[in-house]
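Colleague: For the sequence shown, the numbering used here assigns the number 140 to the initial residue and increments by one for each residue that follows.
For glycine and all other residues, C-beta sits at the position ideal for the given N, C-alpha and C.
From a predicted model like this one, the values you see are computed outputs, not experimental measurements.
Below: one structure in structure tokens.
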Amino acid sequence: MIRPAIALGILAVCASAVSAQRRPLKVYISADMEGITGVVSADQLSPASFEYSKAREWMTAEVLAAIAGAREAGATEFVVSDSHGNGESLLLEKFPTDVPVTLVRSFPRPLGMMEGIDSSFAAVMFIGYHAATTSTTGVRAHTMSSALLTRIALNGTSQSEAGVNAAIAAHYGVPVVMITGDDAIVSETKQRLGNLEGVAVKHAIGFHSAATMMPETAQAQIREHAKIALGRRAEMKPYAITKPVSVDVSFKNYRPAELLAYLSAVQRVDAHTVRLVAKDMIEASRFLEFVTSYDPAITP
Numbered sequence: 140m141i142r143p144a145i146a147l148g149i150l151a152v153c154a155s156a157v158s159a160q161r162r163p164l165k166v167y168i169s170a171d172m173e174g175i176t177g178v179v180s181a182d183q184l185s186p187a188s189f190e191y192s193k194a195r196e197w198m199t200a201e202v203l204a205a206i207a208g209a210r211e212a213g214a215t216e217f218v219v220s221d222s223h224g225n226g227e228s229l230l231l232e233k234f235p236t237d238v239p240v241t242l243v244r245s246f247p248r249p250l251g252m253m254e255g256i257d258s259s260f261a262a263v264m265f266i267g268y269h270a271a272t273t274s275t276t277g278v279r280a281h282t283m284s285s286a287l288l289t290r291i292a293l294n295g296t297s298q299s300e301a302g303v304n305a306a307i308a309a310h311y312g313v314p315v316v317m318i319t320g321d322d323a324i325v326s327e328t329k330q331r332l333g334n335l336e337g338v339a340v341k342h343a344i345g346f347h348s349a350a351t352m353m354p355e356t357a358q359a360q361i362r363e364h365a366k367i368a369l370g371r372r373a374e375m376k377p378y379a380i381t382k383p384v385s386v387d388v389s390f391k392n393y394r395p396a397e398l399l400a401y402l403s404a405v406q407r408v409d410a411h412t413v414r415l416v417a418k419d420m421i422e423a424s425r426f427l428e429f430v431t432s433y434d435p436a437i438t439p
């Protein structure tokens, strides 16, 4: 005979186990294009380019590979941030319908490439990322704008987009568990964030050249490592940034720095650089999105 107290304890344990099984395991995926297999130049990166339609297919397939691997590790829900160019590169019709997937498209967004992240996610994956503006080796190396900026730093440390976005995720306590791109960004991110899973789908030769895997080979590796990465999520630590956050933005030209310094919260620290001391990464992200997106001629 089982005593009532023991029976209640068993029921409580069973109920807890069932609740854990039903709890969503959410994964956030932020996808760029410069770090996708086969992408090396402007020929793949904009709607007017001759190979853009193929690059969209490669990019979508790599995101789908990450989703497939994460599902094998137990993921039940996804938010995907379409984060290249106009934010309309991923092919919606290719995504699965038997699992909840939300796609964040177009710009501007307060959290930029991380719009939609919150504390309910178990892990973040970066697909198709590239090295920072300060890199001398990465394919299409830049941070947020290759046309306008020469450096973005948080608390004095130069950052790639992966670094900035990992810090935004860390605001919500979520770790980055995997990154894909060229060997430069994989190495750079592991040095910054720790021993996360990385898939180098191409070896950087120069700013516009690389030795690349074939798409199907890269997709298979991404799927495999996404599964491993989600299984290792307890080992990964969020990339926490000390608050307040000093955000330095360096421009190629003088005038943006001069005009931004008219704002009382912005300090001009040299001819090309401005600084905002943000209360946290959310405020920092909003500032970066403003700096890289605002134009008084914007319509409508």
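Quick check: L164 and A214, are their CB atoms within less than 8 Å of each other?
Modeller: yes
Colleague: Whole-angstrom Cβ separation of V315 and L332, contact assumed at under 8 Å?
Modeller: 6 Å
Colleague: Out of R414, Y378 and S222, which one is the CA nearest neighbour of I168?
Modeller: S222
Colleague: Using a Cβ-Cβ cutoff of less than 8 Å, which residues in the same chain neighbour S155 once the five nearest sequence positions on both sides are dropped?
Modeller: Its pLDDT being 47, under 50, S155 is placed unreliably in this model, and the coordinates cannot settle the point.
Colleague: Which parts of the segment 321-384 are runs of the beta strand (DSSP E), unbroken and 3 residues or longer, counting only runs that do not cross its ends?
Modeller: Those beta strand (DSSP E) runs which fall completely within the segment 321-384 and span 3+ residues are 336-345 and 348-351.
Colleague: Which same chain residues, not among the five before or five after I421, have their C-beta less than 8 Å away from its C-beta?
Modeller: P249, L250, I307 and H310.
Colleague: Helix or strand or just coil, what does DSSP make of T412?
Modeller: DSSP places T412 in strand when its eight states are reduced to three.
Colleague: Where S259 and M253 are concerned, what is the direct C-alpha to C-alpha distance, given to the nearest angstrom?
Modeller: 14 Å
Colleague: Quick check on V238: buried or exposed, where buried means 16 or more other Cβ atoms within 10 Å of its Cβ?
Modeller: So V238 ends up on the exposed side.
Colleague: Can you tell me whether L402 is buried or exposed? The criterion is at least 16 other CB atoms within 10 Å of its CB, across all chains shown.
Modeller: The Cβ neighbour count for L402, taken over all protein chains shown within 10 Å, is under 16; the residue is labelled exposed.
Colleague: Rounded to the nearest angstrom, what separates V157 and A373 at their Cα positions?
Modeller: At V157, the pLDDT of 43 sits below 50, so the modelled position is not reliable; the number obtained from the coordinates is stated separately. Their Cα atoms are separated by approximately 21 Å.
Colleague: Compare the C-alpha of A489 against each of K329, P383, I266 and A271 and name the closest.
Modeller: The chain is shown only over 140 to 439; residue 489 falls outside these bounds and no answer can be derived.
Colleague: How about L427 and M283: are their beta carbons less than 8 Å apart?
Modeller: Against a cut-off of 8 Å, the Cβ pair of M283 and L427 comes out as a contact.
Colleague: Please state whether DSSP places F429 in a helix, a strand or coil.
Modeller: Correct three-state label for F429: helix.
Colleague: Which two residues bound the contiguous alpha helix (DSSP H) that contains E216?
Modeller: For E216, no alpha helix (DSSP H) run applies; the uninterrupted beta strand (DSSP E) run containing it begins and ends at E216 to D221, by DSSP.
Colleague: Do T319 and I361 have their C-beta atoms within less than 8 Å of each other?
Modeller: yes
Colleague: Taking C-beta to C-beta, are V243 and V218 nearer than 8 Å?
Modeller: yes
Colleague: Indicate the three-state DSSP secondary structure (helix, strand or coil) for D182 in the structure shown.
Modeller: helix
Colleague: On a CA-only basis, which of V303, A262, E327 and S348 is nearest D182? Give me that one, please.
Modeller: S348
Colleague: Specify, as a first and last residue, the run of the alpha helix (DSSP H) that G312 falls within.
Modeller: Annotation for G312: no alpha helix (DSSP H) segment contains it, and DSSP assigns it neither H nor E.
Colleague: Does the Cβ of I437 have 16 or more other Cβ atoms within 10 Å, making it buried, or fewer, making it exposed?
Modeller: exposed
Colleague: Measuring straight from C-alpha to C-alpha, what distance separates R290 and A170?
Modeller: 21 Å
Colleague: Since M264 sits in a beta bridge, which residues does DSSP pair it with?
Modeller: I168 and M317
Colleague: Less than 8 Å separating the beta-carbons of V388 and A423?
Modeller: Their beta carbons are not under 8 Å apart, which means V388 does not touch A423 by this criterion.
Colleague: Given a cut-off of 8 Å on the beta-carbon distance, is the pair K341 and M353 in contact?
Modeller: no
Colleague: Work out the CA separation of I256 and L231 for me, nearest whole Å.
Modeller: 20 Å
Colleague: Rounded to the nearest angstrom, how far is the Cβ of E363 from that of R279, given a contact under 8 Å?
Modeller: Actually they do not touch by this definition, with Cβ atoms about 26 Å apart.
Colleague: Using 10 angstroms around the beta-carbon of I355, count the other beta-carbons present and answer buried if the total reaches 16, otherwise exposed.
Modeller: Residue 355 is actually Glu in this sequence, not Ile. Answer is exposed; the Cβ neighbour count stays below 16.
Colleague: DSSP state of R244, grouped into three classes?
Modeller: coil
Colleague: Along the chain, where does the beta strand (DSSP E) containing I291 start, and where does it finish?
Modeller: L288 to L293
Colleague: I believe S299 touches A271 by the beta-carbon criterion, under 8 Å. Please report the beta-carbon distance rounded to the nearest angstrom.
Modeller: 4 Å
Colleague: Thinking C-alpha only, which one of A379, K391, A410 and Y433 is nearest D419?
Modeller: Residue A379 holds the alpha-carbon nearest to the alpha-carbon of D419 among A379, K391, A410 and Y433.
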